[in-house]
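Working notes, structure below.
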Amino acid sequence: MAMSRDEIFEKVQEVLAEALGLDDDEVTPQATLMGDLGAESIDFLDITFNLEKAFDIKIPREELFPADSIMENGEYVQDGKLTEAGLAELKDKMPHTDFSEFEADPDINKLPDLFTVDSIVKFVEGKVN
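Counting in full-length UniProt numbering, the sequence shown runs from 1 upward without gaps.
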């Protein structure tokens, strides 16, 4: 049975609040995991595991948070910015993410800002519906 976007958001909100020690109202759709919610890379494993449990889905390594494999590829990163090939690869791996602002300045230091609550909701939505 398909879940509504609101139902998915509520469960994602619950998972993130629990994993990061936050109140539900702090977890808004626009919030970035690292910048706004204070997540660290180690938290991503816990978040992934808890999303799998909450939604009864499998999330292969690097599927939800694929930045590491791209950052380690010299063809994708040059002078601290993602190359066109790197951006294309990231978009391919993260179709659930809005790249409109990042494309204007693909600085690798801004990569964490791509991981928003809304992008997780869209990702899960694609898995469960």
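All C-beta atoms in this analysis are idealised placements derived from N, C-alpha and C, irrespective of residue type, glycine included. Being a predicted model, the structure only gives us computed values, none of them experimental.
Under 7 angstroms between C-beta atoms of A2 and N129: Pairing A2 with N129 gives a Cβ-Cβ distance under 7 angstroms.
Outcome for S41 when other beta-carbon atoms lying within 10 angstroms are tallied against a minimum of 16: Under this definition S41 is an exposed residue.
CA nearest to the CA of D105, picked from A54, K81, L33, D43: Residue K81 is the option with its Cα nearest to D105.
Coarse secondary structure for T48, derived from DSSP in three states: Note: T48 maps to helix in three-state DSSP.
Alpha-carbon spacing of E103 relative to K11, whole angstroms: Roughly 30 angstroms separates the two Cα atoms.
Selected residue, minimal CA-CA separation from D107, among E18, E63, V77, L45: Across the set E18, E63, V77, L45, the C-alpha of V77 shows the shortest separation from the C-alpha of D107.
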